[in-house]
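Undergrad:
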Ligand SMILES: *Cc1c(COP(=O)(O)O)cnc(C)c1O
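In the working numbering, the protein residues as written are 1 to 216.
Quick look at the structure:
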C-alpha cells in the first residue's frame, strides 16, 4: 500500500476514534505537489482536494475534473479579486471569503456559471494584523452582506488560528460563532491540530503535510 494511503487511513481512524457527531470531511491539501505525487490518493478514490493558487489548481486539476465530475476542489488560500473568474472555473468550495470586493466579484462572475459554489467566510479570530479574515466584531454585517445582498451560498466559517498560544480557546470561540449564525459547517484544523479541531465540531479538516509529506 502506498504510504500516502496509510497516512490517510490513519487520519481517518484517528478522527473516527473521537466519535464525532458531525460528518468530518478530509480536504487533502495537495498544493505544491505534482500530480504524480498525489496520484495514489486520487486512484484510491478520494474526492476532496485543496489548493491555494488558482493557476496551479487549473493546470493540475482541469483534465481530471473533466474525466470525473465528482472531484471537489477547495480553494484554501488567499483569493485575489482579479483571479476570481479563473477560480470559479475550477473550484467548488472557497474557504477564504474575506472581504467585500471579493464577495462582489464572486457574485458577479457566478451569474455566468451554471453551478453554485460553496463558501466559507474566513474569520480573523485572534484579530491579528498580519492575517486576513473578518474580525469577529464585523462578522454579522459581512455575513448579511454576502448572503442577503450578494446571494452567496455561505455554508460555514473558516479559521487559521493564531499559532502562538492556546489553539483550543480559538477553536471554541469559532464553534460559538458558528452556532450563533446557525451554520452547519466549520473549516478548521490542519495537520498539527485537526484532532483538536474535530473536538470543537470542525466538519472540514484541511490536511497537507500529514498526508503528502513536508513541502519545500
Ligand atoms: C497549506 C494549508 C493547509 C495544510 O497545511 P498542513 O499543515 O500541511 O496540513 C491548510 N489550510 C491552509 C489555509 C493552508 O494554506
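From the three backbone atoms N, C-alpha and C, an ideal C-beta is built for every residue, glycine too.
So for residue 28, helix, strand or coil by DSSP?
TA: strand
Undergrad: In angstroms with no decimal places, state the Cα-to-Cα distance between residue 236 and residue 160.
TA: No information on residue 236 is available, as it lies outside the stretch 1 to 216 that the chain covers here.
Undergrad: In whole angstroms, what is the alpha-carbon distance linking residue 61 and residue 134?
TA: Between residue 61 and residue 134, the C-alpha separation is close to 29 Å.
Undergrad: In chain order, what residues of the same chain lie with their CB nearer than 6 Å to the CB of residue 52, ignoring the 5 residues before and after it?
TA: 31, 76, 77
Undergrad: For residue 93, which residues does DSSP report across the bridge?
TA: Secondary-structure assignment with DSSP links residue 93 through a beta bridge to 74, 118.
Undergrad: Check whether the Cβ of residue 77 sits closer than 7 Å to any heavy atom of ligand 1, and report yes or no.
TA: yes
Undergrad: Can you find the residues in the same chain that come closer than 8 Å, C-beta to C-beta, to residue 88, ignoring five residues on each side of it along the sequence?
TA: 106, 109, 110, 113, 117
Undergrad: Does the pairing of the stretch 11-20 with the stretch 32-51 give three or more beta-carbon distances under 8 Å?
TA: Put simply, the stretch 11-20 does not touch the stretch 32-51. Fewer than three CB pairs are less than 8 Å apart.
Undergrad: For the beta strand (DSSP E) holding residue 49, just list the boundary residues, first then last.
TA: Per DSSP, residue 49 belongs to the beta strand (DSSP E) from 48-51.
Undergrad: Residue 170 and residue 126 - do their beta-carbons sit closer together than 8 Å?
TA: yes
Undergrad: Would a C-beta distance cut-off of 8 Å place residue 158 and residue 188 closer than the cut-off?
TA: Cβ atoms of residue 158 and residue 188: closer than 8 Å.
Undergrad: Please determine, among 102, 6, 12, 212, the residue with the shortest C-alpha to C-alpha distance to residue 142.
TA: 102
Undergrad: Quick one: grab the DSSP three-state call for residue 158.
TA: strand
Undergrad: With a 10 Å radius around its C-beta and 16 neighbouring C-beta atoms as the bar for buried, classify residue 140 as buried or exposed.
TA: exposed
Undergrad: Less than 8 Å between the C-beta atoms of residue 27 and residue 15, yes or no?
TA: no
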